[in-house]
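Protein chains in written order, with the working numbering: chain A, 35 to 230; chain B, 35 to 230; chain C, 35 to 230; chain D, 35 to 230. Don't be surprised by glycine CBs; every beta carbon is placed ideally from N, CA and C. Here is the structure we will look at, set down as structure tokens.
Protein chains: 4
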Amino acid sequence: MSTLKRLKRREEIIEGALKLFSKGGFYQTTIPDIARTIGMSVGNFYNYFTSKEVLAKELLLYISEYLGERIRTINESDATTQEKIRAIVAMYFEMVQSRPEMIEYFLRIFLSNREVFGEGCEGTVCVSAFITEMMLFFDDGVSCGDLREQDFFSAFGLFMGYLGGMAFLCGEKVLPHALDSYVDSITQNIYRALKT
Amino acid sequence: MSTLKRLKRREEIIEGALKLFSKGGFYQTTIPDIARTIGMSVGNFYNYFTSKEVLAKELLLYISEYLGERIRTINESDATTQEKIRAIVAMYFEMVQSRPEMIEYFLRIFLSNREVFGEGCEGTVCVSAFITEMMLFFDDGVSCGDLREQDFFSAFGLFMGYLGGMAFLCGEKVLPHALDSYVDSITQNIYRALKT
Amino acid sequence: MSTLKRLKRREEIIEGALKLFSKGGFYQTTIPDIARTIGMSVGNFYNYFTSKEVLAKELLLYISEYLGERIRTINESDATTQEKIRAIVAMYFEMVQSRPEMIEYFLRIFLSNREVFGEGCEGTVCVSAFITEMMLFFDDGVSCGDLREQDFFSAFGLFMGYLGGMAFLCGEKVLPHALDSYVDSITQNIYRALKT
Amino acid sequence: MSTLKRLKRREEIIEGALKLFSKGGFYQTTIPDIARTIGMSVGNFYNYFTSKEVLAKELLLYISEYLGERIRTINESDATTQEKIRAIVAMYFEMVQSRPEMIEYFLRIFLSNREVFGEGCEGTVCVSAFITEMMLFFDDGVSCGDLREQDFFSAFGLFMGYLGGMAFLCGEKVLPHALDSYVDSITQNIYRALKT
DNA sequence: GATGAATGAGCTTTCATTCAT
DNA sequence: AATGAATGAAAGCTCATTCAT
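Structure (structure tokens):
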């Protein structure tokens with residue numbers, strides 16, 4: 035089979051698994067579930083991924099790269115720091131709408147199944163693409179004098195914890211307004227927190 | 035058997051389950067595991083909780099009340115808003131050290147196993163004790179003119195997302211310094227974000 | 035406790051168990067179920083019956099004696115043989131309405147749980163009160179020249195198999211008419227089959 | 035694996051389960067028992083039948099079709115009505131000897147475990163193959179003037195209740211003679227009951 | 001590469017019975 | 001006589017993974 039066809043099949047597994055994992059959880063989603071969803075046999079699945087855990091880690095890389103890529107575009111724009119914050123917040127919320135599986139996977143599958151992502155994903159290994167871009171954003175902000183110099187993780191925790199928290203509250207349907215409508219206030223809150 | 039003894043046994047289950055769930059996850063922790071930990075037979079466990087899910091929900095209530103109680107103490111003190119923020123941050127981080135099970139349970143078990151907490155915990159039902167106190171904190175801050183008036187959930191997402199994020203990063207051992215050492219910067223970031 | 039009170043409690047258990055067993059089956063009915071139904075503790079139940087199986091056998095005796103008693107009344111009347119057949123059929127169908135638990139117990143619990151009634155109920159031991167009366171009925175019929183002499187069990191199988199079959203079909207709700215309306219045709223069928 | 039092989043495995047389960055259920059009852063027979071009997075793993079069993087209940091219903095269909103088929107052969111012969119009655123009685127008793135599992139399953143498992151056959155087997159759905167043939171038998175008998183016209187279920191209850199009753203008494207070992215020896219008297223009793 | 005039957009350990013839950021009170 | 005907490009074996013069912021075809 036051509037390399038291209040194989041890559042296509044692989045991507046199908048990834049996208050199918052992403053949907054199922056994020057909706058039903060890691061343990062509730064079975065390999066037969068995934069195989070059935072994409073019209074593949076169980077046996078053949080194992081020709082693409084050697085185990086369920088390996089698949090879960092690949093998914094993490096996949097999302098981290100996707101997210102990292104989108105932040106990179108923002109980083110590379112010549113917007114002001116505040117505009118970049120707003121762009122990241124808006125991008126994140128837009129993903130909550132358009133690719134909820136990705137955000138859910140990050141929030142629910144990755145953050146909570148430590149035992150699954152244990153070895154091979156120590157520290158920030160599996161999400162480095164994404165973290166790297168966030169680091170660049172902060173460094174740029176500090177360099178240009180817009181942001182206070184501080185421990186990266188304190189700033190990162192604020193930013194991503196905030197966005198994740200809002201995505202969670204949105205998923206729980208406790209927010210009184212649409213997620214979009216919070217972009218302004220959140221941007222403002224983050225900027226006020228981090229600016230010089 | 036006295037009601038007192040029964041309540042004591044019940045609490046033993048709760049504390050044992052809390053430790054096991056938060057360490058190993060909901061699905062990886064079995065009822066036999068829990069029973070063995072506290073020296074009880076599997077069958078007898080079911081005389082106290084009718085199912086694993088019911089236990090999980092009770093745990094959530096238990097933690098929510100515990101956390102709510104601690105925040106209430108802070109709310110009722112006559113500290114300034116900024117001091118209260120610092121007290122909440124410090125309390126939270128202290129709990130990450132002294133009662134890591136509770137924080138982990140909130141972050142990993144509750145936030146990620148939607149299917150488990152589905153019915154009976156819609157919206158904020160199961161965590162209302164905790165949320166209520168956070169609402170009071172914000173209302174007080176706004177009333178005394180220290181905090182800007184804004185959508186509660188935007189402020190709440192910032193505060194708790196931030197703290198949860200830091201607890202998570204701490205658990206992943208990616209923080210370069212001890213959690214305590216972040217209390218100042220985090221308090222400052224939160225206060226800057228929310229103040230008038 | 036007085037002997038009278040004790041007998042009353044015992045009867046309560048019997049009547050409660052009869053209802054539950056006949057509705058839910060022997061294995062589906064638990065001792066806690068029975069105890070709860072009659073407002074007795076599980077432990078106390080065992081002061082009245084030493085095991086679930088012993089209870090089941092007592093129930094059988096109870097019903098057999100009840101049924102035997104009713105047939106005896108018919109046997110002792112001075113009706114003709116055909117009138118007696120009709121009286122038995124009518125009495126049986128009346129019981130299907132008024133004491134369905136008894137009939138159901140006979141048909142469903144006794145006939146199908148051989149392992150339960152195994153020892154102690156070999157052959158007709160546990161239902162002898164009832165069988166004895168049926169034997170008397172046949173003997174009388176033969177003596178007075180109304181019925182052909184034949185193997186008792188062939189006649190008994192016809193009579194009780196027929197009635198049990200109709201009760202079953204009634205329970206399955208497949209009968210197009212009310213059970214009562216079949217009394218005539220069934221009496222006639224039985225009489226034709228057995229008469230000289 | 036070929037479809038043929040799969041069907042063969044399926045039949046092995048059916049025959050094995052039939053033996054075990056009819057001997058030990060529905061609840062006393064476990065899936066591990068069945069799997070062990072036919073040399074199959076527990077897990078694989080569930081690749082053939084999705085649950086124990088589904089298996090029980092399939093068994094009923096299987097027997098109903100087998101019995102229906104044998105009655106059909108008799109119906110299609112050009113014997114007289116009385117000869118057909120004798121043929122059905124003889125066939126039934128022959129099955130009590132040669133395939134006791136089937137008769138026992140009908141009498142003990144199906145008739146008594148209503149909750150198991152509840153949905154999906156309402157009324158006569160699961161035994162229609164068998165009932166249909168019995169209906170044909172009666173209709174033919176009435177058409178040719180041998181049998182009186184009467185409610186089908188009254189005649190059916192007599193016929194099958196009688197045979198079932200005798201099979202039961204035989205199983206209980208209370209019959210003084212071999213089952214075969216009753217063929218004549220039973221045929222006669224049934225014919226007398228139903229004839230014009 | 002592709003299939004899906006097969007494995008079997010392991011899960012949650014049940015329940016007859018006992019026994020300290 | 002009465003209570004109900006406690007036991008623990010056993011049930012039905014699941015699922016990651018393998019492997020013959």
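Going by the CB atoms, is the gap between residue j and residue i shorter than 9 Å?
i                     : j                     : result
residue 143 (chain C) : residue 55 (chain C)  : yes
residue 204 (chain D) : residue 213 (chain D) : yes
residue 187 (chain A) : residue 126 (chain B) : no
residue 97 (chain C)  : residue 171 (chain C) : no
residue 119 (chain A) : residue 37 (chain A)  : no
residue 146 (chain B) : residue 146 (chain A) : yes
residue 197 (chain A) : residue 123 (chain A) : yes
residue 130 (chain A) : residue 51 (chain A)  : no
residue 60 (chain C)  : residue 91 (chain C)  : no
residue 190 (chain D) : residue 199 (chain C) : yes
Residues in the same chain with beta-carbon distance under 7 Å from residue i, minus the five sequence neighbours each way, listed in chain order, please.
i                     : result
residue 100 (chain B) : 136
residue 225 (chain D) : 116 and 119
residue 72 (chain C)  : 46, 47 and 50
residue 141 (chain C) : 198, 201 and 202
residue 169 (chain A) : 186
residue 121 (chain B) : 108 and 113
residue 58 (chain C)  : none
residue 63 (chain C)  : 54 and 55
Name the DSSP beta bridge partners of residue i, please?
i                     : result
residue 213 (chain C) : None, per the DSSP bridge assignment.
residue 229 (chain D) : D:181
Figure out for me which residue from the options has the closest Cα to the Cα of residue i.
i                     : options                     : result
residue 166 (chain D) : D:37, D:199 and D:103       : D:103
residue 44 (chain B)  : B:62, B:64, B:74 and B:63   : B:74
residue 185 (chain B) : B:47, B:89 and B:228        : B:228
residue 46 (chain C)  : C:140, C:58 and C:83        : C:83
residue 88 (chain B)  : B:72, B:48 and B:62         : B:48
residue 195 (chain B) : B:223, B:42 and B:207       : B:223
residue 81 (chain C)  : C:114, C:62, C:173 and C:41 : C:41
residue 114 (chain B) : B:62, B:64, B:174 and B:156 : B:174
Excluding sequence positions up to five away, which residues of its chain have a Cβ less than 6 Å from the Cβ of residue i?
i                     : result
residue 94 (chain B)  : 144 and 160
residue 209 (chain A) : 203
residue 182 (chain A) : 230
residue 218 (chain D) : none
residue 134 (chain A) : none
residue 7 (chain C)   : In this structure chain C extends from 35 to 230, so residue 7 (chain C) is not present and cannot be described.
Beta-carbon within less than 8 Å of residue i's beta-carbon, same chain only, minus the 5 sequence neighbours each way: which residues are those?
i                     : result
residue 139 (chain D) : 52, 55, 56, 93, 94 and 97
residue 206 (chain B) : none
residue 154 (chain C) : 91 and 160
Any contact of the region 102–110 of chain B with the region 57–72 of chain B, i.e. 3+ C-beta pairs under 8 Å?
-> No, the region 102–110 of chain B is not in contact with the region 57–72 of chain B.
Could you tell me whether the region 149–162 of chain D touches the region 163–179 of chain C, using the rule of 3 or more Cβ pairs below 8 Å?
-> Counting Cβ pairs under 8 Å, fewer than three are found: no touch.
Quick check: the region 152–163 of chain B against the region 153–160 of chain A, are there 3 or more CB pairs under 8 Å?
-> Judged by Cβ distances under 8 Å, the region 152–163 of chain B makes no contact with the region 153–160 of chain A, as fewer than three pairs qualify.
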